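Reading through the structure tokens given below for one structure.
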Amino acid sequence: MTYKVFIDGRHGTTGLKIDERLALRDDVEILTIPDAQRKDATVKAEYINSADVVFLCLPDAASKESVSLLKPDNTRTRFLDASTAHRTNPDWVYGLPELNPGHRERVRTAQKVAVPGCHASGFIMLMHPLVAAGIVPTDYPATTYSITGYSGGGKEMIASYEDAGTLGDAMLSPRFYALGLAHKHLPEMQTLTGLANKPLFTPIVGNFAQGMVVAVPLLPRLLTKPVAAADLQHYFAEYYAGETFIKVMPADATPLLDNGFLPATECNDTNRAEIFVFGHGEQILLAARFDNLGKGASGAAIQCMNLMLGVDEATGLAV
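Note that my numbering numbers the sequence shown so that position 224 is 234, with each residue one more than the last.
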């Protein structure tokens, strides 16, 4: 069977990656709207309502406008929204199938799925299981920092790194950003983990194209249950047992490091996320490593699409 797919916002970073991945498949027909008609609501409505799946790779307001073009009696067309517009909307299903044992079925049967944010994906993969188990209290003063390749900043940021003849010293260095502490991923990071308060989140962009590590420090003395790093590694291994795209690394991950370093790029061009647990009796560090353009964006979107269409979840995705 061939499925009709419309990518609304095909020329953005995520849209281009989705298009690139789907172009290799023979079970998908990509509906291409003429450039001159991309902003014509009447024409766009025709494409949306004739598609089996619509990917929304647009700013929030534009995503909401596109959803409004769905005919009231159309229960066939299904949406996957890569914007932040619907990630905490209870009428939409959050697009992380591995969230908990029953969530994959919610994604499979949903008409509207919100694709997770890249930074949020790592934080939620690490914190949701621990809050759900009562290991981390809901009022825990959570902090997290995340380093990402510059591709996560979209075309303008990519151009600033790649089109300049010579990068200035400032851009050679990793750079903190969103220092107003109001990053757009914070609402989903709080809602999907069950935390009572938003975490203190500091993202960092580095001088590399793609790849990401999200890190969450934990203080055992503030946890509800007495646990060591090895206990958490064992818990994650059980929680994500059998998952195709989430791999929990061994308790002693030293042999897997690069001379003691944890590079952000080892999962690039895959849909794999790797979970690490480091630490000792007084301090624990959780880390999730994945491709910000893979499990953090287009890969996650296609994984959800596969579920929604009833095809193998890993179709078209590298592990």
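Yeah, the Cβ is synthetic: ideal placement off N, Cα and C, and Gly gets one too.
All of these numbers come straight from a predicted model, not from anything done at the bench.
Where does the unbroken beta strand (DSSP E) through residue i begin, and where does it stop?
i      : result
Gly159 : Thr153 to Gly159
Thr148 : Premise fails: Thr148 is in no beta strand (DSSP E) and is neither H nor E.
Ala251 : Unbroken run through Ala251: none, as it is neither H nor E.
Asp122 : Correcting the residue type first, residue 122 is Lys in the shown sequence and not Asp. Taken as a continuous stretch (DSSP letters only), the beta strand (DSSP E) holding Lys122 covers Lys122 to Ala124.
Val258 : Ile256 to Val258
Ile43  : From DSSP, Ile43 is part of no beta strand (DSSP E); its letter is neither H nor E.
Leu66  : Val63 to Leu66
In whole angstroms, give me the CA-to-CA distance for residue i and residue j.
i      : j      : result
Ala263 : Phe286 : 7 Å
Thr24  : Ser308 : 6 Å
Ala51  : Gly190 : 35 Å
Leu205 : Phe211 : 14 Å
Asp62  : Leu136 : 33 Å
Met315 : Arg20  : 16 Å
Asn110 : Val117 : 11 Å
Asp4   : Ala55  : The requested residue 4 does not occur in the structure, where the chain is confined to residues 11 to 329.
Gln220 : Pro107 : 23 Å
Phe218 : Tyr160 : 6 Å
Ala180 : Val321 : 46 Å
Lys81  : Arg88  : 12 Å
Tyr187 : Pro213 : 6 Å
Val53  : Leu68  : 17 Å
Gly252 : Gln47  : 45 Å
Compute the distance between the beta-carbons of residue i and residue j, then report whether it is under 8 Å.
i      : j      : result
Ala310 : Ser131 : yes
Met259 : Thr158 : no
Val38  : Tyr57  : no
Leu32  : Ile40  : yes
Gly291 : Ala238 : yes
Val329 : Thr254 : yes
Ala124 : Asp91  : yes
Thr203 : Pro147 : no
Ala298 : Val215 : no
Glu172 : Thr98  : no
What residue does the alpha helix (DSSP H) around residue i start on, and which one ends it?
i      : result
Glu166 : Gly164 to Glu172
Arg31  : Thr23 to Leu32
Asp91  : Looking at the DSSP string, Asp91 is not in any alpha helix (DSSP H); the run it does join, the beta strand (DSSP E), is Arg88 to Asp91.
Cys314 : Gly309 to Leu319
Leu133 : For the record, residue 133 in the displayed sequence is Phe; it is not Leu. Segment Cys128 to Ala142, the alpha helix (DSSP H) holding Phe133.
Glu115 : His113 to Thr119
Asp70  : Asp70 to Val77
Pro197 : Leu196 to Thr201
Give me whichever residues DSSP pairs with residue i in a beta bridge.
i      : result
Asn186 : The sequence as given places Phe at residue 186; Asn does not occur at that position. Ile214.
Arg299 : Val223 and Glu284
Val15  : Ile40 and Val63
Leu228 : Ile294
Gly289 : Ile294
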